[in-house]
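Undergrad: My questions will all concern the structure given below.
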Amino acid sequence: MADAVDVVIVASAFGMDAVRTGGHLKWAEASKRTGAAGFEVRRELFAGEAEVAPQRLRALGAAIAELGLWMVFSTPASLYAADGRLDTAALRLALDEAAALGARFVKLQLGGFVHDADGVAIAEQMRGSNLRLVVENGQLAEGGSLAQFVGLFDALAREGRADVLGMTFDIGNWAWREVAPLDAARLLAPHVEYIHCKTTVGEGARRFPAAPAADDARFIEVLDGLPRDVPRGIEFPFDASRIEADAAHYVGWLAAV
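Numbering of the sequence shown is given in UniProt numbering, commencing with residue 1 and proceeding in unit increments.
Structure (structure tokens):
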């Protein structure tokens, strides 16, 4: 049997309103009880800007670390602006907030990347940081296309900065872009450092995240095509009638599958 991998629970899996109302710590505590190794804090799920003040983030991070969980800090901000330029202000803010929290990963959306990666500028912002920067494939055309991600890593390699960032590979989000996740995995696996695990139900604007079925061969094939030694995040909603039991089931399954 393969070694178990770290499983992270993304805060939104517990419900966005539940996190905004109860706070991240409540659901980090629930995550710990399920056997998860990590917890993804979502900036958009804080009740207000006061909660992302440095001292509040430090207190939250210390409390989550005390539980024995490591953290991902996720922001909906994009690394590249719509005009294709590196958004150094967005990156700097995300790094500062993630550092205050004490996160291991800081995750941004890719945004409007076109052809210039500005790897030197990214490296300058990352200098002295213990954080690992990852960008995620989103659901929108901007920041969600396979060509953008292939282009990003090709550009970083040309600049000699291939190691400056990695990728959060969201298996379910490719559906919004009509991309087969396995095709994306074949091209991007060398850059994947964190996996968001979900499938989808529905079509078009009525498409929603869902838990993968135990016999979903395509989902398992995608996982098999991605690095085995990177953490897997649960980003699908749990059964509201048995939240912690459902979460514990999927933590155990994803750690071993």
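Ideal placement from N, C-alpha and C gives every residue a C-beta, glycine not left out.
Note that this is a predicted model, so its numbers are computed, not measured.
(1) Tell me whether F113 sits in a helix, a strand or coil according to DSSP, three-state version.
(2) Here's a check: name, in chain order, each residue in its chain whose Cβ is nearer than 6 Å to the Cβ of F153, leaving out the five neighbours to either side.
(3) On the DSSP letters alone, give me the boundaries of the alpha helix (DSSP H) that V222 sits inside.
(4) Name, in chain order, the residues that DSSP records as bridge partners for T168.
(5) Taking the runs of the alpha helix (DSSP H) that are 4 residues or longer, which of them lie wholly in the segment 7 to 68?
(6) Helix, strand or coil, according to DSSP, for L131 in the structure here?
(7) For chain C, find out if any of its Cβ atoms is closer than 7 Å to the Cβ of A82; answer yes or no.
(8) Do the segment 79 to 89 and the segment 52 to 62 make contact, defined as three or more Cβ pairs closer than 8 Å?
(9) What's the C-alpha gap between M71 and L131?
(10) Residues in the same chain with beta-carbon distance under 6 Å from F73, minus the five sequence neighbours each way, listed in chain order, please.
(11) Looking at the structure shown, is P76 part of a helix, part of a strand, or coil, going by DSSP?
(12) Using a 10 Å radius around the Cβ and a threshold of 16 neighbouring Cβ atoms, would you call T75 buried or exposed?
(13) Could you check what DSSP says for P181 in three-state terms: helix, strand or coil?
(14) What's the gap between the Cα of F236 and the Cα of P209?
(15) Could you tell me the distance, in whole angstroms, from the CA atom of A141 to the CA atom of R177?
(16) With C-beta atoms as the reference, is A11 less than 7 Å away from H24?
(17) Around the C-beta of A256, are 16 or more other C-beta atoms found within 10 angstroms, so that it is buried, or is it exposed?
(18) Using DSSP with H/G/I as helix, E/B as strand and the rest coil, what is G151?
(19) Helix, strand or coil for G144 per DSSP?
(20) Of the choices A77, R85, M126, D96, whose alpha-carbon is the least far from that of Q109?
(21) Once you ignore the five residues that flank M1 on each side, which residues in its own chain have a CB closer than 8 Å to its CB?
(22) Could you check if A147 is buried or exposed, using at least 16 other CB atoms within 10 Å of its CB as the buried criterion?
(23) Which same chain residues end up closer than 6 Å to A247 when comparing Cβ atoms and leaving out the 5 residues on each side of it in sequence?
(24) Checking 7 Å against the spacing of the C-beta atoms, do P181 and V8 come in under that value?
(25) Residues in its own chain within less than 8 Å of G202 by CB, not counting five upstream and five downstream?
(26) Just the Cα atoms here: how many angstroms apart are S31 and D17?
(27) Would you check if the distance between the CB atom of A240 and the CB atom of T200 is smaller than 7 Å?
TA: The answer reads as follows:
(1) As a first step, residue 113 must be located in the sequence shown, where it is residue number 113. Of the three classes helix, strand and coil, the one that applies to F113 here is coil, per DSSP.
(2) As a first step, residue 153 is located in the sequence shown; it is residue number 153 there, counting from the start. Same-chain partners within the cutoff: H191.
(3) Numbered from 1 along the sequence shown, position 222 holds the residue referred to as residue 222. Where V222 is concerned, the enclosing alpha helix (DSSP H) starts and stops at 217 to 224.
(4) Walking along the sequence shown from the start, residue 168 turns up at place 168. Partner(s): E136, Y194.
(5) If we require 4 residues or more, the alpha helix (DSSP H) runs fully inside the segment 7 to 68 come out as 16 to 22, 24 to 34, 54 to 66.
(6) Against the sequence shown, residue 131 aligns to sequence position 131. The DSSP-derived three-state label of L131 is coil.
(7) Annotation note: the requested chain C is absent from the structure, which comprises a single protein chain.
(8) Judged by pairs of C-beta atoms under 8 Å, the segment 79 to 89 does not touch the segment 52 to 62, as fewer than three such pairs exist.
(9) For this step, residue 71 is matched to residue 71 along the sequence shown. For this step, residue 131 is matched to residue 131 along the sequence shown. Between M71 and L131, the C-alpha separation is close to 11 Å.
(10) As a working mapping, residue 73 is identified with position 73 in the sequence shown. If we look at F73 and ignore the five residues flanking it on each side, its Cβ neighbours are V41, A98, L101, A103, V106.
(11) Here residue 76 is taken as the residue at index 76 of the sequence shown, counted from 1. In this structure, P76 counts as strand in the three-state DSSP scheme.
(12) For this step, residue 75 is matched to residue 75 along the sequence shown. With 16 or more Cβ atoms within 10 Å of its Cβ, T75 is classed as buried.
(13) For the purposes of this step, residue 181 is taken as the residue at position 181 of the sequence shown. Helix, per DSSP.
(14) One-based indexing of the sequence shown puts residue 236 at position 236. One-based indexing of the sequence shown puts residue 209 at position 209. When rounded, the distance between both Cα atoms is 6 Å.
(15) Translated into positions along the sequence shown, residue 141 becomes position 141. Translated into positions along the sequence shown, residue 177 becomes position 177. The alpha-carbon atoms of A141 and R177 are separated by roughly 7 Å.
(16) Sequence index remark: in the sequence shown, residue 11 carries index 11 (1-based). Sequence index remark: in the sequence shown, residue 24 carries index 24 (1-based). In contact: A11 and H24 (Cβ atoms closer than 7 Å).
(17) In the sequence shown, counting from the first residue as 1, residue 256 sits at position 256. By the Cβ-count criterion, A256 is exposed, with fewer than 16 other Cβ atoms from all chains shown falling within 10 Å of its own Cβ.
(18) For this step, residue 151 is matched to residue 151 along the sequence shown. In the three-state reduction of the DSSP assignment, G151 falls in the helix class, which pools H, G and I.
(19) By 1-based counting over the sequence shown, the position of residue 144 is 144. The three-state reading of DSSP puts G144 in coil, since its state is none of H, G, I, E or B.
(20) As a working note, residue 109 is residue 109 in the sequence shown. When each option's Cα is compared against that of Q109, the closest is A77.
(21) One-based indexing of the sequence shown puts residue 1 at position 1. Confidence at M1 is low in this model, with a pLDDT of 41, below 50, so its placement is unreliable and the value that follows should be read with caution. Closer than 8 Å at the Cβ level, and outside the excluded window around M1, lie A256.
(22) Indexing the sequence shown from 1 puts residue 147 at position 147. In summary, A147 is exposed, with fewer than 16 beta-carbon neighbours lying within 10 Å of its beta-carbon over all protein chains present.
(23) To locate residue 247, count along the sequence shown from 1; it is residue 247. Shown here for A247: same chain residues with a beta carbon closer than 6 Å to its own, the five before and five after excluded, namely T34, F238 in chain order.
(24) The count along the sequence shown starts at 1 and reaches residue 181 at position 181. The count along the sequence shown starts at 1 and reaches residue 8 at position 8. Not closer than 7 Å, so no.
(25) Residue 202 sits at position 202 when you count from the first residue of the sequence shown. Same-chain partners within the cutoff: F208.
(26) Your numbering for residue 31 matches position 31 in the sequence shown. Your numbering for residue 17 matches position 17 in the sequence shown. Taking C-alpha positions only, S31 is separated from D17 by approximately 17 Å.
(27) Reading the sequence shown from its first residue, position 240 is the one you call residue 240. Reading the sequence shown from its first residue, position 200 is the one you call residue 200. No; because the gap between Cβ atoms is not below 7 Å, this pair is not in contact.
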